[in-house]
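Asker:
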Amino acid sequence: MKTKVKEIIKKHIDDNDIILQKPKKEEFGHFAIPVFKYAKQAQKNPMEYAKELCEKLDCYEEFESVEPISGFVNIKLSDKMLNNMANIVLDKKSDFGKSQKDETILLEYISANPTGPMHIGHARGAIYGDALLRIGRHLGYKITSEYYVNDAGNQIRLLGLSVYLAAREILCLDVEWPEEFYRGEYIKDIAAKAIDAFGKSYFEDESHIDELAMWAKDRMLEVIKQDIQNLKVTPFDNWVSEKELYSKWNEVLEKLKQNNAIYEKDGKLWLRSTEYKDEKDRVVVREDGRPTYLAGDIIYHNDKFKRGYDRYINIWGADHHGYIARVKAAIEFLGYDSKKLEVLLAQMVKLLKGGEPYKMSKRAGNFILASDVVEDIGADALRFIFLTKKADTPLEFDVDDLNKTDSSNPVFYVNYAYARINSIFNNLNKTFDDTKNIKLDNLQKAEKELLFYALQLPYEIEDAFKHREPHRVTNYLISLASKLHSFYNSNKVAGDEREAVRLKILAVVATVIKAGLDLLGIEVKGKM
């Protein structure tokens, strides 16, 4: 719709970046063009320039009216234009708003350590990343999704040790638990499977712990992949192993040294990250020669940038905020442009049930499992709630609220709007496609307002991806549902003399709601 309007305006204004604003008042129209810049170029008074532009635009059938107001040209779209757009929605269905972009993006998200099941914080990052992926691909961006498997370092050996000791406990062998180890029923489950896989003698001493660690890591990845599937996250294109990338460490370290990024102090190798606004330099190799956690991320980002994407997006937990500067410093030292990397943060979640803190999982030991919450309220409800707020802001919600059947439950509210329309069509034995040949004309104010708002989906998803804020789509759908319920309560549909026109408008609204929910990875409900 905006594209068509801009095409017409470009015939009279030589500007490839024409701005269409929302008028200050609804009665002023659908779009407003600020003309101050163009008036200045033409050396004319803004009001005089606006009047001349209105005279040129007034002849187009796409516009009902074109009026100059205080240096703006306000445009009201014609019923014919709105009817044409309604037909496009009904033809394209969930493809409405699709476009093509040239930009290639590598999107890395979740990347939870394979030492335990996904907790509710991981789930927020997973749902956020998946919504960005779906919206971006819908808009035509060429996005590759990637999961970075942290399968090297102390946490993996600790996983192996935890499973080893749990197995010995099951076998009634002597066990001396260290201060730090992984707890929870899931460790006992893996230990029981390990006994079945390797036999009792395997656990007589610690000689197999490293091998056991990698085996246990693979079992945990199976659990994580199932968690991802249960959250309805789009399957990842790539799974990248940290352990496998470590074979390139010497090559990457040499590159850093050549670029004067490394110095030695106190027997350690340091990255000069303060040269790129980090608060202090960072150790990349310990006194004993072992690379640090940062070294693994440096190798990984070198591998990423070598693949030549236009942009790189990482979604990290909020506790990684202080990590951004050191990674970007390493990217610069490796000879790449760190501005191509965006790091988006997902805050933790406070979950309640009946006003009380949600119980920690017995299987996990000390956190809330994503799988438990999905089993409790379903993936669709969880996705919707997680996508009602910016990911970098704290989120608190009570799962019992999602069982309410009123406007306080946004999941119900949006689905009820779709189901309400679906019910009308079912009672009339009609389909949405049956409305395509209905001509929208002489539209009433309420009809036009509802239809115009339903046609805003393409701009909402453009803004959502541009700002990396998929909650804009969710909140748009809540607002659209509200407008639909208000319209329905004030205007008769079935049996009214304007039944046909209103059915077409409702078909557009329902199609847009379904398209929007599809982009959020949520299945629309035809019945409530």
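Residues in the sequence shown are numbered consecutively from 6, following my numbering.
Cβ atoms here follow ideal geometry from the backbone N, Cα and C, with glycine treated the same way.
For clarity, every value in this text was computed on a predicted model and none was experimentally measured.
1) Considering threonine 109, what are the terminal residues of the beta strand (DSSP E) in which it resides?
2) Check each candidate in Tyr207, Ser167, Leu349 and name the one with the smallest Cα separation from glutamate 190.
3) Looking at C-alpha atoms only, which residue of Ser487, Asn494, Thr440, Val257 is the closest neighbour of alanine 512?
4) Do you know how far the Cα of valine 416 is from the Cα of tyrosine 43?
5) Buried or exposed for leucine 448, going by 16 or more other Cβ atoms inside 10 Å?
6) Expressed to the nearest angstrom, what Euclidean distance is found between the alpha-carbon atoms of glycine 526 and leucine 137?
7) Could you tell me the alpha carbon to alpha carbon distance between alanine 157 and glutamate 247, rounded to whole angstroms?
8) Grouping DSSP H, G and I as helix and E and B as strand, with all else coil, what is valine 529?
9) Would you mind stating whether glycine 165 and alanine 202 have Cβ atoms separated by less than 8 angstroms?
10) Count the other CB atoms within 10 Å of the CB of glycine 301; is the residue buried (16 or more) or exposed (fewer)?
11) To the nearest angstrom, report how far apart valine 40 and cysteine 64 are at their CA atoms.
12) Glutamine 26 bridges to which residues according to DSSP?
13) From the DSSP output, read off the bridge partner residues of serine 246.
14) Secondary structure at glutamate 284, three-state DSSP: helix, strand or coil?
15) Go through its chain and collect everything with a Cβ distance to lysine 309's Cβ below 7 angstroms, but skip five positions before and after it.
16) Touch check for the region 69-78 and the region 96-110: three-plus C-beta pairs under 8 angstroms?
17) Which residues in the same chain as lysine 15 place their Cβ atom closer than 8 angstroms to its Cβ, once the five residues preceding and following it in sequence are excluded?
18) For lysine 4, name the three-state secondary structure that DSSP assigns.
19) Output yes or no for whether 8 angstroms exceeds the beta carbon distance between valine 419 and alanine 486.
20) Taking the beta carbon of proline 240 as the centre, do at least 16 other beta carbons fall within 10 Å, making it buried, or is it exposed?
21) Taking 8 angstroms as the cut-off, decide whether the C-beta atoms of valine 288 and threonine 279 are in contact.
22) Which residues in the same chain have their Cβ closer than 7 angstroms to the Cβ of histidine 326, if we skip the five residues on either side of it in sequence?
23) Note down the Cα distance separating leucine 276 from asparagine 307, rounded to an integer number of angstroms.
24) Reducing DSSP to helix, strand and coil, say where tyrosine 317 ends up.
25) Provide the residue span of the beta strand (DSSP E) that contains lysine 18, from first to last.
26) Residues bridged to histidine 560 by DSSP?
27) How would you call cysteine 59, buried or exposed, if buried means at least 16 neighbouring beta carbons within 10 angstroms?
28) In angstroms with no decimal places, state the Cα-to-Cα distance between lysine 282 and threonine 120.
29) Report the residue from Ala131, Ala172, Glu69, Met225 whose alpha carbon sits nearest the alpha carbon of valine 161.
30) From what residue to what residue does the beta strand (DSSP E) around asparagine 79 run?
31) Under three-state DSSP, which class holds leucine 176?
32) From the DSSP output, read off the bridge partner residues of aspartate 403.
33) Applying the criterion that 16 or more other CB atoms from any shown protein chain within 10 Å of the CB defines a buried residue, is glutamate 474 buried or exposed?
34) May I ask you to report which of helix, strand or coil DSSP gives threonine 516?
35) So, with DSSP's three-state summary, where would you put tryptophan 275?
36) Does any residue of chain D have a CB that is nearer than 8 angstroms to the CB of glycine 340?
Answerer: To lay it out plainly:
1) Here the question's residue 109 lines up with position 104 in the sequence shown. Where threonine 109 is concerned, the enclosing beta strand (DSSP E) stretches over 109-113.
2) One-based indexing of the sequence shown puts residue 190 at position 185. Among Tyr207, Ser167, Leu349, the Cα nearest to that of glutamate 190 is on Ser167.
3) Mapped onto the sequence shown, residue 512 falls at position 507. For alanine 512, the closest of Ser487, Asn494, Thr440, Val257 by C-alpha to C-alpha distance is Thr440.
4) Position 38 of the sequence shown, counting from 1, holds the residue named residue 43. Position 411 of the sequence shown, counting from 1, holds the residue named residue 416. Rounded to the nearest angstrom, the two C-alpha atoms are 45 angstroms apart.
5) Within the sequence shown, the letter at position 443 stands for residue 448. Buried: at least 16 other Cβ atoms inside 10 Å.
6) Here the question's residue 526 lines up with position 521 in the sequence shown. Here the question's residue 137 lines up with position 132 in the sequence shown. Those two C-alpha atoms are separated by around 10 angstroms.
7) Taking the first residue of the sequence shown as 1, we reach residue 157 at position 152. Taking the first residue of the sequence shown as 1, we reach residue 247 at position 242. C-alpha separation (whole angstroms): 6 angstroms.
8) What you label residue 529 is simply residue 524 of the sequence shown in a count that begins at 1. Valine 529 falls in the coil class under three-state DSSP.
9) Stepping through the sequence shown from its first residue, residue 165 is reached at position 160. Stepping through the sequence shown from its first residue, residue 202 is reached at position 197. In this structure, alanine 202 does not lie closer than 8 angstroms to glycine 165 by Cβ.
10) The residue given as residue 301 occupies position 296 in the sequence shown. Its Cβ being crowded by 16 or more others within 10 Å, glycine 301 is buried.
11) By one-based count along the sequence shown, residue 40 stands at place 35. By one-based count along the sequence shown, residue 64 stands at place 59. Using only the alpha carbons, I get a separation of about 19 angstroms.
12) The sequence position of residue 26 within the sequence shown is 21, counting from 1. Its beta-bridge partners are Ala37.
13) Within the sequence shown, residue 246 is the residue found at index 241, counting from 1. According to DSSP, serine 246 bridges with Val154.
14) As a first step, residue 284 is located in the sequence shown; it is residue number 279 there, counting from the start. It is coil, neither helix nor strand.
15) Counting from one through the sequence shown, the residue named residue 309 turns up at place 304. Leu111, Tyr317.
16) Flag = no, the region 69-78 and the region 96-110 do not touch.
17) Counting from one through the sequence shown, the residue named residue 15 turns up at place 10. Correct list, in chain order: Asn21, Ile23.
18) Outside the modelled stretch of the chain, which goes from 6 to 533, sits residue 4, for which no answer is possible.
19) Within the sequence shown, numbered from 1, the residue matching residue 419 stands at position 414. Within the sequence shown, numbered from 1, the residue matching residue 486 stands at position 481. Yes, the Cβ-Cβ distance between valine 419 and alanine 486 is below 8 angstroms.
20) Taking the first residue of the sequence shown as 1, we reach residue 240 at position 235. Exposed, since its Cβ has fewer than 16 Cβ neighbours within 10 Å.
21) Within the sequence shown, numbered from 1, the residue matching residue 288 stands at position 283. Within the sequence shown, numbered from 1, the residue matching residue 279 stands at position 274. Taking 8 angstroms as the Cβ cut-off, valine 288 and threonine 279 do not qualify as a contacting pair.
22) Locating residue 326 in the sequence shown gives position 321, where the first residue counts as 1. Excluding sequence neighbours, histidine 326 sits near Leu350.
23) Taking the first residue of the sequence shown as position 1, residue 276 is located at position 271. Taking the first residue of the sequence shown as position 1, residue 307 is located at position 302. About 15 angstroms.
24) As a working note, residue 317 is residue 312 in the sequence shown. Strand.
25) Taking the sequence shown and counting its residues from 1, the one referred to as residue 18 is at position 13. Before going further, note that residue 18 is isoleucine rather than lysine in the sequence given. Looking at the DSSP string, isoleucine 18 is not in any beta strand (DSSP E), and its letter there is neither H nor E.
26) There is no way to answer for residue 560, as the model of the chain reaches only from 6 to 533.
27) Counting from 1 along the sequence shown, the entry for residue 59 is found at position 54. With 16 or more Cβ atoms within 10 Å of its Cβ, cysteine 59 is classed as buried.
28) Counting from 1 along the sequence shown, the entry for residue 282 is found at position 277. Counting from 1 along the sequence shown, the entry for residue 120 is found at position 115. In a straight line, the C-alpha of lysine 282 is about 33 angstroms away from that of threonine 120.
29) Position 156 of the sequence shown, counted from the first residue, corresponds to residue 161. Note on residue identity: the sequence assigns isoleucine, not valine, to residue 161. It is Met225.
30) Stepping through the sequence shown from its first residue, residue 79 is reached at position 74. 77-82 is the span of the beta strand (DSSP E), which, as asked, contains asparagine 79.
31) Looking up residue 176 in the sequence shown gives position 171. Coil, per DSSP.
32) Reading the sequence shown from its first residue, position 398 is the one you call residue 403. Answer is Leu357.
33) For the purposes of this step, residue 474 is taken as residue 469 along the sequence shown, with counting starting at 1. Glutamate 474 comes out buried.
34) Here the question's residue 516 lines up with position 511 in the sequence shown. If DSSP states are grouped into helix, strand and coil, threonine 516 belongs with the helices.
35) Within the sequence shown, numbered from 1, the residue matching residue 275 stands at position 270. Correct three-state label for tryptophan 275: strand.
36) The structure shown contains no chain D; it holds only a single protein chain.
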